[in-house]
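So in numbering that gives the first Met the number 0 the end of the sequence shown lands on 263, straight run, no missing numbers.
Just so it is clear, CB atoms sit at the ideal spot from N, CA and C, and this is done for glycine as well.
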Amino acid sequence: MKLNSERPAINIHELILEYQETGCNEVATTLLLQFEPMVKMAAGKMSRNRPDLYEDLYQVGQMSMLRLFKQFDAAQGVQFEPYMMKSVIGHMKNYLRDKSWYVQVPRRVKEKGGRIQEAIDRLTVQLERSPNVEEIAADVGLTVEETIEILAGREYYHYVSLDTPLSSEESGATIGDLLGTEQDDYQQLERRLDLQQAMAHLKKEEQQVLHLAYVEGQSQRMIAQALNVSQMSVSRIQKRALDKLRKYFAEAKEEDDSRSGPKG
0 MKLNSERPAI
10 NIHELILEYQ
20 ETGCNEVATT
30 LLLQFEPMVK
40 MAAGKMSRNR
50 PDLYEDLYQV
60 GQMSMLRLFK
70 QFDAAQGVQF
80 EPYMMKSVIG
90 HMKNYLRDKS
100 WYVQVPRRVK
110 EKGGRIQEAI
120 DRLTVQLERS
130 PNVEEIAADV
140 GLTVEETIEI
150 LAGREYYHYV
160 SLDTPLSSEE
170 SGATIGDLLG
180 TEQDDYQQLE
190 RRLDLQQAMA
200 HLKKEEQQVL
210 HLAYVEGQSQ
220 RMIAQALNVS
230 QMSVSRIQKR
240 ALDKLRKYFA
250 EAKEEDDSRS
260 GPKG
């Protein structure tokens with residue numbers, strides 16, 4: 000596939016080098032627009048069986064492009080276009096693989112998720128407290144294991160918001176604060192992708208606790224009841240999970256800094 004013929008001819012290698020040296024957003028935009036048709040084509044092909052994943056795959060492709068612009072070395076004698084396509088498609092495949100539970104989840108499981116949420120809302124009013132997993136399972140006619148799997152899920156990080164508060168004790172700090180304060184649109188996109196990757200490194204129990212705390216908005220006492228553990232255990236799991244996220248992002252920042260090196 001040729002580059003967009005409606006755009007004036009540009010020297011891709013020179014623009015990439017300029018972006019590596021300056022980090023200029025206008026240069027990044029020019030490069031992204033130049034290769035956008037190829038990213039859209041790849042996202043379209045990868046999402047043929049799941050068109051609802053097109054936007055996610057497109058964003059993964061855009062983020063992959065930005066990273067390639069930072070890392071590509073023309074001195075190695077490699078043509079950028081085929082290298083780029085291989086990398087973009089590889090990142091999209093990795094995304095689908097990492098989200099395999101979400102990609103493969105049948106409609107009936109999604110419907111069960113809706114029933115579970117309805118049961119939680121109804122039981123919360125009836126019991127005047129948050130229902131535990133056993134109560135929810137009994138109400139919807141599922142096993143406890145099925146209920147936990149659907150309720151907490153392996154796809155938690157697919158839905159997490161950067162505006163989610165870390166905890167009631169941290170003066171309004173959000174998960175987004177862990178990733179820095181950059182306001183640039185491309186950096187915001189990178190932060191979301193990095194957060195998804197970070198969540199994949201947490202244990203299932205850590206994802207469960209964060210899901211219930213930050214997606215469902217439950218207190219530690221309510222989470223302890225739902226998971227049939229002590230409130231102290233919930234507190235430890237939550238702290239451990241947040242510490243892991245902080246460590247992940249700190250190490251990722253150090254790696255990016257060392258890769259970028261001093262400028263100018």
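| field | Buried versus exposed, by CB contacts within 10 Å (16 or more), Glu205 | value | buried
| Using a Cβ-Cβ cut-off of 8 Å (strictly less than) and excluding sequence neighbours within five positions of Tyr82, which residues of its own chain qualify? | Leu67 and Phe71
| message | Is it buried or exposed, Lys246, if we count other Cβ atoms within 10 angstroms and call 16 or more buried? | response | exposed
| field | Any C-beta of chain C under 7 Å from that of Asn93 | value | Included in the structure is just one protein chain, with no chain C present.
| request: Determine, using beta-carbon pairs with one atom in the stretch 74–81 and one in the stretch 58–65, whether at least three such pairs fall under 8 Å. | output: The answer is no - the stretch 58–65 does not touch the stretch 74–81, with fewer than three Cβ pairs under 8 Å.
| request: Rounded to whole angstroms, what's the CA-CA distance from Met231 to His90? Just pull it up for me. | output: Rounded to the nearest whole angstrom, the C-alpha separation of Met231 and His90 is 39 Å.
| query | Straight-line CA distance for Lys39 to Ser218? | reply | 42 Å
| said: Taking the alpha carbon of His12 as the reference point, which residue from Glu80, Glu54, Glu133 and Asp51 has its own alpha carbon closest? | reply: Glu80
| field | Rounded separation between Lys278 and Met198 - CA only | value | Residue 278 lies beyond the residue range present for the chain, which begins at 0 and ends at 263; the question has no answer from this structure.
| query | According to DSSP, is Arg114 helix, strand or coil? | reply | Three-state result, Arg114: helix.
| query | By a C-beta neighbour count over all protein chains shown, 10 Å radius and 16 as the cutoff for buried, is Ser229 buried or exposed? | reply | exposed
| field | Length at least 4, wholly inside the stretch 4–64: the alpha helix (DSSP H) runs in chain order | value | 11–21 and 24–45
| Straight-line Cα distance separating Lys44 from Leu269 | Any answer about residue 269 is impossible in this case: the structure gives the chain only from 0 up to 263.
| query | Would you report the Cα separation of Gly113 and Leu56, rounded to the nearest angstrom? | reply | Distance between the alpha carbons of Gly113 and Leu56: 25 Å.
| task | Could you name the residues of the same chain whose beta carbon sits closer than 7 Å to that of Glu133, not counting the 5 residues immediately before and after it, in chain order? | result | Excluding positions up to five away in sequence, the list reads Val143.
| Under the three-state reduction of DSSP, which class applies to Ser232: helix, strand or coil? | helix
| field | For Lys85 and Cys23, the rounded distance between their alpha carbons | value | 25 Å
| said: Please report the distance separating the alpha-carbon of Asn10 from that of Ile88. | reply: In a straight line, the C-alpha of Asn10 is about 23 Å away from that of Ile88.
| message | Quick check: does the Cβ of Asp51 come within less than 6 Å of any heavy atom belonging to the ligand MN? | response | Among the components modelled here there is no ligand, and therefore nothing to report on the ligand MN.
| query | Going straight from the alpha carbon of Val26 to that of Glu35, what length do you get? | reply | 14 Å
| task | Helix, strand or coil for His200, going by three-state DSSP, please let me know. | result | coil
| query | Which stretch, first to last residue, makes up the alpha helix (DSSP H) that contains Leu226? | reply | Per DSSP, the unbroken alpha helix (DSSP H) holding Leu226 starts and ends at Gln219 to Leu226.
| query | Should Gln207 be labelled buried (16 or more other beta-carbon atoms within 10 Å of its own) or exposed? | reply | buried
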